[in-house]
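Under the UniProt record's numbering, the first residue of the sequence shown is numbered 1, with each subsequent residue one higher.
Since the structure comes first, as C-alpha cells, the remarks are kept for the end.
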Amino acid sequence: MSTYQEILAQIEALKQQAEEMRQAEIAGVIADIRQKISDYNLSAADLGFGAPARGEKPAAGKRGTVKAKYRNPAAGASWSGRGVMPKWLKAELEAGKAKEAFLIADEEAQVR
C-alpha cells in the first residue's frame, strides 16, 4: 500500500506528464492550422481577428455614433437623447418649453 507522500509524488508526475502531452498536442494543432492558412491563403481578418473588412458590421459590443434627436435652434447644439440632459435643454424645459419643440425632423436628422 502506498503512502500519502508517494501518492502526492505520483500526482505531480502525472501533472507534469499531462502538461508535456498538452504541449505536444498544441504544437501539432498549430502546425496543422498554419498549413491550412497557407493552403487557403487566409488572413487574420478572414479568421475574425483584427478590424472587420469593409462593409461588415462592427463586432458585438462596438457601438457607433447615435444620431442627434434634439437640437438647440439658437446655438446649434444637439443631443442624442441618451445620457445626461444638456444644460441648454434643461434650462429651456425649466422656462416652460416642451421637449418636443426641440425634436429634429426626420429629414434633417438623416442629412446630418
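In this text, a Cβ means the ideal position worked out from N, Cα and C, and glycines have one as well.
Practice prompt. Consider the C-beta atom of residue 21 and the heavy atoms of the ligand SAH; say whether any pair is separated by less than 7 Å.
Written response: With respect to the ligand SAH, the structure offers nothing, as it holds no ligand at all.
Among 82, 103, 83, which has the Cα closest to the Cα of residue 92?
103
Query raised in the report: Residue range of the alpha helix (DSSP H) that residue 14 falls in?
Result: 4-40
Item checked: Cβ neighbours of residue 89 in the same chain (closer than 8 Å, five flanking residues each side left out) -> 70, 72, 79, 99, 102
Residue range of the unbroken alpha helix (DSSP H) whose run includes residue 100:
Taken as a continuous stretch (DSSP letters only), residue 100 belongs to no alpha helix (DSSP H), as it is neither H nor E.
Quick check: the Cα distance between residue 43 and residue 33, rounded to an integer number of angstroms?
12 Å
**Q.** For residue 77 and residue 47, the rounded distance between their alpha carbons
**A.** 42 Å
Considering only residues of the same chain and omitting the five flanking positions on each side of residue 111, which have a CB-CB separation below 7 Å?
Confidence is the limiting factor: at residue 111 the pLDDT is only 49, short of 50, which leaves the residue's position unreliable, though a coordinate-based value still follows. Cβ neighbours of residue 111 beyond the five flanking positions: none.
### Message
Can you list, in chain order, the residues of its chain with a C-beta nearer than 6 Å to that of residue 2? Leave out the 5 residues immediately preceding and following it.
### Response
none
Below 7 Å CB to CB, which residues in the same chain sit around residue 105 once its five sequence neighbours on both sides are set aside?
-> none
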